[in-house]
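Q:
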Amino acid sequence: MNKIAIIGFGGAGYCAAEEARKCDPDARIDVYLDTDIGPYNPMLTTYYVKGAIGYQDMFPFGSLEKIEEELKLNVFRKTPVVGLDAAEKTVIRADGSEESYDSILISTGASAFVPPVEGKELPGVIKMRTAEDAVFLKQYLSEKKPKTGLVIGASWVGIKVLEDFMSCGMDCTLIDGADWAFSIAVFPQTAQRIHQDLENKGVKLGFGQMLDHIEQESDGQLTAVMKNGNRYTADTVAVCIGIRPNVGFLAGSGIAMNRAILVDEKMRTSAPGIYAAGDCCEAYEVQSGQQKNIGVWFNARKQGAVAGANMVGACKEFGGNALLNLAHYLDYDFISIGDVSACTAEDEVYEYEKGELYIRAVRGEKLKCINMIGTAQINGIMKNFFVKSFETEDAEMDVPTRCHLLANGIPAEFIDFIGGKTFD
Amino acid sequence: MTELEKRIKAKIPGEDTGIEIKHSLCAICSPAFHCGLDCYVKDGKIIKIEGSPDWPGSKGRVCTKGQSNRDYVYRPDRIQTPLKRVGARGEGKFEPISWDEALTIIAEKLNEVKAKYSAHSVAFYSGHCKWYRPILHRLCYSFGSVNFGTDDSTCFKANDIANKLTFGAGAGPNTPKANTFLGWNYGGYYAKHMSVAGVRALKERGGKVIIIDPRHTPAVKNLADLYLQIKPGTDGALALGMGKIIIDNNWIDADYIEKYVHGYEQYKALVQNYPLDKVCAITGLNADDIYEAARIYATNGPATVNFSGCTQTHHINGMQSTRAIHALIAITGNYDRPGGNVPGGVSYLHKNGGFTTREKEFRESLRPHDQLRIGETRFPIWDEYCDEFHAVDLIRQLEEGTPYPVKAFVGLGLNAKMLPESDRLLKAMADNLDFFVDADLFMTHSAKYADIVLPACSSLERGEMKAYEGGFLAYTSPVIEPQFESRSDVEWLCDLARKLDVDDELLKAGYEACCDWIIQDTGLTVADLKKSDMPVKVPTAKPANKPGTYLAGGCKTRSGKIEIYSEAIAAVDAKYGLNPLPDYQDPLYDQNDPEMVEKYPFNMVAGVRLPHTQHSRLHEAPWLRSLRPDPLCEINVEDAKRLGIQENDPVEISSPSGTIYAKAKVTHKFQPGTLMMIHGYTEANVNNLIVSTHLDPYSGYPGFKSARCTIRKYEEA
Amino acid sequence: MKHVFTFDPDKCCACSACVIGCTDQNDIDLAGGEQCFRKTYDVEIPLQDGDVYYAYLSTACMHCKDAPCITACPVGCISKDPDTGFTIYDNTACIGCKSCAMACPFGAPRYRKEDGKMVKCDGCYMRVKNGMKPACVRACSFGAIDCVPEDEYLASGSNKACNALIDQLNLRKKI
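As you go down the protein sequences, you meet chains A, B and C in turn.
With my numbering, the residue at position 239 of the first sequence is 461, and numbering never jumps.
With my numbering, the residue at position 4 of the second sequence is 258, and numbering never jumps.
With my numbering, the residue at position 59 of the third sequence is 60, and numbering never jumps.
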């Protein structure tokens, strides 16, 4: 009988448990949780805050109790795992007790990163990652009714928190240490349009400055003091600089890591019998052929399912992974596919703009990065074609796909640029 | 959602959902189809349309247009009440009045004109919808006017007349028994959707499909073994050239010609003028393709020609071109033969059910003979073969007032956009008519010129009699109440007959009584038909005659034979300059002077079918309009490039008779030098570009599908 | 019973009867700018040899066996109908985040104008469960689209399943 452990129970952990149960009805599946709430989707927190969904909707798989019963799991609530003996495949609990398994999945996810600056604990300084964060912010907004908000970090979370603020009618300022928003994913030309849109919507912007500390004014307002001396005062300050994988407990375990846990296509870590999936791992990415941390819900679920199956003896692989950043906020959407940092001055550039639609793409021998604004309807097509262009030599675009792109206002020249020639 | 809510949302018929299927027919397009409909009705509203699987003919199939019946019936611009004009003609200002008031005014005004001028000065006219025509026709004659006219003047009738001239009867394709399908301008998919299955079946059993069309259509892609992309309007030359090849190779059926064909020797002499190289030059085709088409047609066993309803006859050489194609049928012995082209009758309203009715007698027996009809002396062939005035001559008679003035106009679905120089026609009506009434479902461009506008209802809101293939007759029941105050046309026509107190007891007895009279020989009555919500088998219906029966009895032509040399044409006064032989003329022969050629280098093909339009009636149907929001003029890629025109650019298209504005659609589907555009848009009415004298002298039909014009990119000021 | 949508590109003419059938069935406000779940294409694709390929197509949700949209949806709106195997949805909790569109290789999800929620072709699964054909299939006069039980499809040896479309319509193979 397979005996497995799942450490951390988000999208990856849940899908691992589900798949393992499907493949092995008799396996013993132990699940370790820091909290006592079921798997939820961190991406939904800001939607909960603005009232787009109810609290329960953040938990797409249902309650922990229901999952526990349906998947026949042993759930260890509020039982953090503090260490791992990789060679023995043994987990070490906070109380010092240990348990050995046939295989172990690390699916501990990631946490919001708040830099260790002075004032970060002041009331009115908020962060956003967990369901708890969401409950807090929702309550805070409804009780304190702040009029002004400062968002530090033009990240995917930052922009959604900004959207929450805007939906409360708050005056907002968005600042970031980089020279433009979403700097790890978008071209400056794309960012310029994103900035313009935000400014049109009344958002004040301040880029290229790092947070030094936060002070409280005499009237209770908060002021973020930047390293360059700039001061931004608001009723509330959201620190959304980024997230960090939850891998601290693995120190000394010997498991190979970069910023997160390195895994192969089968979601195996360097230690036999130990797997990792979701936001805490780095899986192979098609463009670079290297392992990268790409924290999106879809990956977490897919990776979890692959790991879960493999842990009980199946042989599945996770593939088709590309760098991907999708943002959808304030009736605006953009996507970045591929690695913007891989682009060089020698590369070929395609640019197109018509009305709300903007496309900028760069290719060397192969495609490198595509930015598109206002193309939600075709993002999946583009992403799939991008991945295909690395997986298959001379990937071609099929006729329906080409037709679909043309019908959505994508110029034939762009289709040709990305290598979508249907005949040569 | 509960299971029941899901069922209701999915529109599943049943007692629990309250959704009932009611049967009716779609009258949006040609009466040759009128496909059966399953109308899903809930709380008196149609919520879904499907083809009715057991309906004769259509057997569950409906086209894009038919599928949109809900969109059509509930168009937001339905006319709600009878209306009386309060603004200027064409301005569109009306006030609501009652039906009784409207009919009283109409009766008074018509009688006034009758008294002041004559009954003939009142023209009765029917637009595209044809179902009420027997009643309107009879009302016209009962009233005493000789002037009953319809959109037949630009529709299928020229084809019908050509058939009658050559064969004395119809010449429909007998695809099920053919080895070769010669699709002459065959589009199929967008205009005659039910025909496609038969052509596909022929292809699947190893038959050959040849398609001759200036445009690369889905039929070309999906069905054609051989495709001849002909220059618009040069079909007559191709047919004569093919005739020469067939004769030169002795692929003719000499016995058949001997027995059944009149004028073969003259024809043989005529085709000598069409050697292959000359035909290639005229048609833009290559010699091998022409030869191959002739060879396959003549030597591959039974071969049938498909004639498009009016594509060919919308050239000013169209009647003769059609007859030139007829000659191919004649010399290869493919008329009234299995797998060839076969005669067929009509039971009622363009449908052959294999039984006879008294439609013709009902319509024509009261015809006055004391005056010339509109167009009678201008188009003698038309007048001989069609019991209607020629609507194309209306504009002239209105403007000139000769040989007598037209002073009142009773229009049902009048659509001036179906006639050349539409706006000029409407102006002539506005300037010269004392009274003009129009009935329609929608406030159309033409209806805005009327003094009284009556709200008509759709086929789904009325009961009507209809014949179907396979020996069926139907009398439909309304599936919903007429919208607003709209009424079935026949109801108010019979009411009007009573108001006018015409000397016609049958008409005054109402539509059902008239139907009973018309079908008195079928063994059925309207009461019998109304018992079923599906078409009923007619006891007297007989299967079609065996091929050869018609020829054996002698053709209903003057010579009793198939007339390549038409004695009927020969009998027309020489002053008309008509040729009894189907010789070829350039489709632009009246527009070819050097100045015209330079100023208007393009050839406009107007009225190219779109799958989701029917004349103008669906242009404003919201779902369908959204499939193509803007009027588009198609232009070949090379021409577009040369003129700096890109996809969706605004363009200005001009001819000697007008200018319109549309957006460009750049295409490879036809050759350079041609433009193609669908008709019927008020804001971009391509028929305003068709000069009203650019007509086929045989049929009187306008040259919609070859007319000189020019195009340029239009920079909006 | 599991069902399979089939499409035969040699029978399609892009007449859009299927689009109107779908619109009629699903009360889609086409004129108001909503997009039909099914789309047709009449597109000319110039080839390098100077010839032109005339594409006439009708596409909608492919009802993928392992549908990526199901995995991608953060709120779990999308699921498989156990009877028909169609990819169905309940958009009550939909947040309009467009993750499904990003996952879908075919561009099948649509977003309602009024509230931004996702809507898509559900294969008319309720009709199919009630022994009826999907609306688009009923609307096709040419037999280009069909929906057949999976066993019947497998027995037919056809390769016209919609989710095999990509291979079939690859032009290089075609020409």
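From the three backbone atoms N, C-alpha and C, an ideal C-beta is built for every residue, glycine too.
Predicted model only: the values in this text are computed from it and were never measured.
Name, going along the chain, the residues of the segment 254 to 271 of chain A whose beta-carbon falls closer than 7 angstroms to a beta-carbon of chain C.
A: Listed by position, the residues of the segment 254 to 271 of chain A near chain C (Cβ gap below 7 angstroms) are Asn263, Met265, Leu266 and Tyr269.
Q: Looking at the C-beta of histidine 626 of chain A, does it have a partner C-beta in chain C at a distance below 8 angstroms?
A: Mapped onto the first sequence, residue 626 of chain A falls at position 404. It does: the Cβ of histidine 626 of chain A has a partner Cβ on chain C nearer than 8 angstroms.
Q: With which residues is tyrosine 982 of chain B paired in a DSSP beta bridge?
A: Since the first residue shown for chain B is 255 and the last is 971, residue 982 of chain B is missing from the structure and cannot be characterised.
Q: Indicate whether at least one CB of chain B lies closer than 8 angstroms to the CB of isoleucine 21 of chain C.
A: The sequence position of residue 21 of chain C within the third sequence is 20, counting from 1. So yes, isoleucine 21 of chain C belongs to the interface.
Q: When Cβ atoms are compared, which residues of the segment 21 to 46 of chain C fall closer than 7 angstroms to chain A?
A: Residues passing the 7 angstroms Cβ filter: Lys40, Tyr42, Val44 and Ile46.
Q: Comparing C-alpha positions only, which one of A:Ala527, A:Ala544 and A:Leu545 sits nearest to lysine 538 of chain A?
A: Counting from 1 along the first sequence, the entry for residue 538 of chain A is found at position 316. When each option's Cα is compared against that of lysine 538 of chain A, the closest is A:Ala527.
Q: At the level of alpha carbons, what is the spacing between aspartate 354 of chain B and serine 911 of chain B?
A: For this step, residue 354 of chain B is matched to residue 100 along the second sequence. For this step, residue 911 of chain B is matched to residue 657 along the second sequence. Computed Cα separation, rounded: 41 angstroms.
Q: Determine, using beta carbons only, whether cysteine 502 of chain A and alanine 316 of chain A come nearer to each other than 8 angstroms.
A: In the first sequence, counting from the first residue as 1, residue 502 of chain A sits at position 280. In the first sequence, counting from the first residue as 1, residue 316 of chain A sits at position 94. No, the pair does not count as a contact, with Cβ atoms beyond the cut-off.
Q: Examine chain A for any beta-carbon lying closer than 8 angstroms to the beta-carbon of cysteine 105 of chain C, and answer yes or no.
A: Position 104 of the third sequence, counted from the first residue, corresponds to residue 105 of chain C. Answer yes: the Cβ-Cβ gap between cysteine 105 of chain C and chain A drops below 8 angstroms somewhere.
Q: Thinking C-beta only, is serine 59 of chain C closer than 8 angstroms to isoleucine 146 of chain C?
A: Position 145 of the third sequence, counted from the first residue, corresponds to residue 146 of chain C. Position 58 of the third sequence, counted from the first residue, corresponds to residue 59 of chain C. Cβ distance < 8 angstroms, so isoleucine 146 of chain C and serine 59 of chain C count as in contact.
Q: What are the start and end residues of the alpha helix (DSSP H) that includes leucine 627 of chain A?
A: As a position in the first sequence, residue 627 of chain A is number 405, starting the count at 1. Where leucine 627 of chain A is concerned, the enclosing alpha helix (DSSP H) stretches over 621 to 629.
Q: Between the C-alpha atoms of tyrosine 328 of chain B and glutamate 735 of chain B, what's the straight-line distance to the nearest angstrom?
A: In the second sequence, residue 328 of chain B corresponds to position 74, counting from 1. In the second sequence, residue 735 of chain B corresponds to position 481, counting from 1. Whole-angstrom Cα-Cα distance: 12 angstroms.
Q: Skipping 5 residues on each side, what residues in its chain have a beta carbon closer than 6 angstroms to that of isoleucine 773 of chain B?
A: The sequence position of residue 773 of chain B within the second sequence is 519, counting from 1. Cβ neighbours of isoleucine 773 of chain B beyond the five flanking positions: Thr611.
Q: From histidine 626 of chain A to isoleucine 889 of chain B, what distance separates their C-alpha atoms?
A: Position 404 of the first sequence, counted from the first residue, corresponds to residue 626 of chain A. Position 635 of the second sequence, counted from the first residue, corresponds to residue 889 of chain B. The alpha-carbon atoms of histidine 626 of chain A and isoleucine 889 of chain B are separated by roughly 23 angstroms.
Q: If you measure from the beta carbon of leucine 548 of chain A to each beta carbon in chain C, is any gap under 8 angstroms?
A: Your numbering for residue 548 of chain A matches position 326 in the first sequence. With 8 angstroms as the cut-off, leucine 548 of chain A counts as an interface residue toward chain C.
Q: Kindly indicate which three-state DSSP category valine 447 of chain A falls into: helix, strand or coil?
A: Looking up residue 447 of chain A in the first sequence gives position 225. Looking at valine 447 of chain A - three-state DSSP - the assignment turns out to be strand.
Q: Please determine, among A:Val357, A:Ala446, A:Phe409 and A:Ala403, the residue with the shortest C-alpha to C-alpha distance to threonine 566 of chain A.
A: In the first sequence, counting from the first residue as 1, residue 566 of chain A sits at position 344. Residue A:Phe409 is the option with its Cα nearest to threonine 566 of chain A.
Q: For the segment 517 to 542 of chain A, which residues have a beta carbon sitting closer than 7 angstroms to at least one beta carbon of chain C?
A: Answer set for the segment 517 to 542 of chain A: Trp519, Phe520, Arg523 and Lys524.
Q: Examine the Cβ distances between the segment 851 to 865 of chain B and the segment 654 to 667 of chain B and report whether three or more of them are shorter than 8 angstroms.
A: The answer is no - the segment 654 to 667 of chain B does not touch the segment 851 to 865 of chain B, with fewer than three Cβ pairs under 8 angstroms.
Q: Note down, in chain order, all residues in the segment 281 to 298 of chain A with a beta-carbon under 8 angstroms from any beta-carbon belonging to chain C.
A: Hits within the stretch, in order: Pro282 and Phe283.
Q: Give the list of continuous beta strand (DSSP E) stretches no shorter than 3 residues that lie fully inside the segment 368 to 399 of chain B.
A: Runs found: 376 to 380.
Q: Of the choices A:Val571, A:Gly470, A:Ile416 and A:Ile592, whose alpha-carbon is the least far from that of alanine 544 of chain A?
A: The residue you call residue 544 of chain A lines up with position 322 of the first sequence. Of the listed residues, the one whose Cα sits closest to alanine 544 of chain A is A:Ile592.
Q: By Cβ distance below 6 angstroms, which residues in the same chain neighbour tyrosine 254 of chain A in space, the five residues on each side in sequence not counted?
A: On the first sequence, residue 254 of chain A is found 32 positions in, with the first residue counted as 1. Once the five neighbours on either side are set aside, the close Cβ partners of tyrosine 254 of chain A are Ile229, Phe298, Thr301 and Val303.
Q: I need the DSSP call for aspartate 694 of chain B, collapsed to helix, strand or coil.
A: For the purposes of this step, residue 694 of chain B is identified with residue 440 of the second sequence, where counting begins at 1. The answer is strand: DSSP assigns aspartate 694 of chain B an E or B state.
Q: Taking the Cβ atom as the reference point for each residue, do phenylalanine 540 of chain A and isoleucine 595 of chain A lie within a distance shorter than 8 angstroms?
A: For the purposes of this step, residue 540 of chain A is taken as residue 318 along the first sequence, with counting starting at 1. For the purposes of this step, residue 595 of chain A is taken as residue 373 along the first sequence, with counting starting at 1. Result no, Cβ atoms of phenylalanine 540 of chain A and isoleucine 595 of chain A do not sit closer than 8 angstroms.
Q: For glycine 682 of chain B versus aspartate 692 of chain B, is the C-beta spacing smaller than 8 angstroms?
A: The residue given as residue 682 of chain B occupies position 428 in the second sequence. The residue given as residue 692 of chain B occupies position 438 in the second sequence. In the sequence as displayed, the identity of residue 682 of chain B is alanine instead of glycine. No; because the gap between Cβ atoms is not below 8 angstroms, this pair is not in contact.
Q: Among residues of its own chain, excluding the 5 on either side of arginine 752 of chain B, which ones have a beta-carbon nearer than 8 angstroms to its beta-carbon?
A: Position 498 of the second sequence, counted from the start, is the residue given in the question as residue 752 of chain B. Only Lys762 meet the Cβ criterion.
Q: Which full runs of the alpha helix (DSSP H) of 4+ residues lie inside the segment 232 to 292 of chain A, going along the chain?
A: Runs of the alpha helix (DSSP H) inside the segment 232 to 292 of chain A: 233 to 245, 267 to 271 and 286 to 292.
Q: Please confirm if asparagine 480 of chain A has its CB atom under 8 angstroms from at least one CB of chain C.
A: Position 258 of the first sequence holds residue 480 of chain A. No, because no Cβ of chain C sits closer than 8 angstroms to the Cβ of asparagine 480 of chain A.
Q: Please list the terminal residues of the continuous beta strand (DSSP E) segment that includes proline 47 of chain C.
A: Translated into the one-based positions of the third sequence, residue 47 of chain C becomes position 46. Per DSSP, proline 47 of chain C belongs to the beta strand (DSSP E) from 40 to 47.
Q: Kindly list, in the order they appear in chain C, the residues whose Cβ is closer than 7 angstroms to that of threonine 318 of chain B.
A: The residue labelled residue 318 of chain B in the question sits at position 64 within the second sequence. In chain order: Cys16, Ser17, Ala18 and Ile21.
Q: Hey, does isoleucine 592 of chain A have any beta-carbon neighbour from chain C nearer than 8 angstroms?
A: Position 370 of the first sequence, counted from the start, is the residue given in the question as residue 592 of chain A. Answer no: the Cβ-Cβ gap between isoleucine 592 of chain A and chain C never drops below 8 angstroms.
Q: Give the straight-line distance between the Cα atoms of aspartate 168 of chain C and alanine 522 of chain A, rounded to the nearest whole angstrom.
A: As a position in the third sequence, residue 168 of chain C is number 167, starting the count at 1. As a position in the first sequence, residue 522 of chain A is number 300, starting the count at 1. Low confidence applies here, because aspartate 168 of chain C scores a pLDDT of 45, under 50, leaving its location unreliable and the question unanswered by this model.
Q: List, in order along the chain, the chain B residues whose C-beta lies closer than 7 angstroms to that of aspartate 11 of chain C?
A: Against the third sequence, residue 11 of chain C aligns to sequence position 10. Chain B residues near aspartate 11 of chain C: Asn476.
Q: I'd like to confirm the pairing. Which residues does DSSP put opposite phenylalanine 663 of chain B in its beta bridges?
A: Taking the second sequence and counting its residues from 1, the one referred to as residue 663 of chain B is at position 409. In the DSSP output, where bridge partners are listed per residue, phenylalanine 663 of chain B has B:Ala377 and B:Phe690.
Q: Between the alpha carbons of threonine 358 of chain B and phenylalanine 348 of chain B, how many angstroms are there, rounded?
A: As a working mapping, residue 358 of chain B is identified with position 104 in the second sequence. As a working mapping, residue 348 of chain B is identified with position 94 in the second sequence. Whole-angstrom Cα-Cα distance: 17 angstroms.
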